[in-house]
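In our numbering, the protein residues as written are 37 to 203.
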């Protein structure tokens, strides 16, 4: 029994059949998910289940994790809080470091991201990657798992320079 069949008890065979039929239209598509951690946190929990399911229905899917240091993650934690409405202080130095870390990751991930038909970037940590792929082949999607209904405007204004470049 494959992983997808395990969901049959919950959603029913008809739903699984329909899902497989829809997925057949995407067979051979190369999808890359990008986030900032392989373990811990909701995105990692989603991707550790979603990626194998996508592969199972014939979508070539991979999951890349960006690297960052403590200062990078302190900055992106402040982004997280700000996107949920908390006023935060982020220095220009921290913002430059955020951009530098994304630039370094773009170099290391370039080959796989340029080959992808679809790149799904999760949350703010890797959002600035798009800056380094002006001639990208595939579609790029930014998927935010944070409530953006009332973001703290200064941080949202900064991040949207990257986010608005996504397809």
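Yeah, the Cβ is synthetic: ideal placement off N, Cα and C, and Gly gets one too.
Predicted, not measured: the structure shown is a model, and the values here were computed from it.
For residue i, the residue or residues it bridges with in DSSP
i, result
"residue 98", "68"
Contacts around residue i, its chain only, beta-carbon distance under 6 Å, and the 5 residues preceding and following it disregarded
i, result
"residue 118", "124, 188 and 191"
"residue 138", "164 and 165"
Simplified DSSP assignment, three categories, for residue i
i, result
"residue 173", "coil"
"residue 179", "strand"
"residue 166", "helix"
"residue 93", "coil"
"residue 199", "helix"
"residue 157", "strand"
"residue 190", "helix"
"residue 41", "helix"
Proximal residues to residue i (C-beta, below 7 Å), its chain only, five neighbours per side dropped
i, result
"residue 199", "163 and 178"
"residue 176", "155, 157, 166, 202 and 203"
"residue 211", "Summary: the structure shown does not reach residue 211, with the chain confined to residues 37 through 203, and so no result is reported for it."
"residue 195", "115, 160 and 163"
"residue 151", "66"
"residue 74", "80 and 101"
Option in the options with minimal Cα separation from residue i
i, options, result
"residue 116", "160, 104 and 64", "160"
"residue 197", "173, 131 and 150", "131"
"residue 90", "102, 74, 57 and 140", "57"
"residue 135", "75, 168 and 62", "168"
"residue 61", "44, 42, 186 and 95", "95"
"residue 63", "105, 172, 153 and 103", "153"
"residue 185", "112, 106 and 122", "122"
Cβ shell of residue i (< 8 Å), same chain only, five flanking positions each side left out
i, result
"residue 183", "119 and 120"
"residue 87", "69, 97, 98 and 99"
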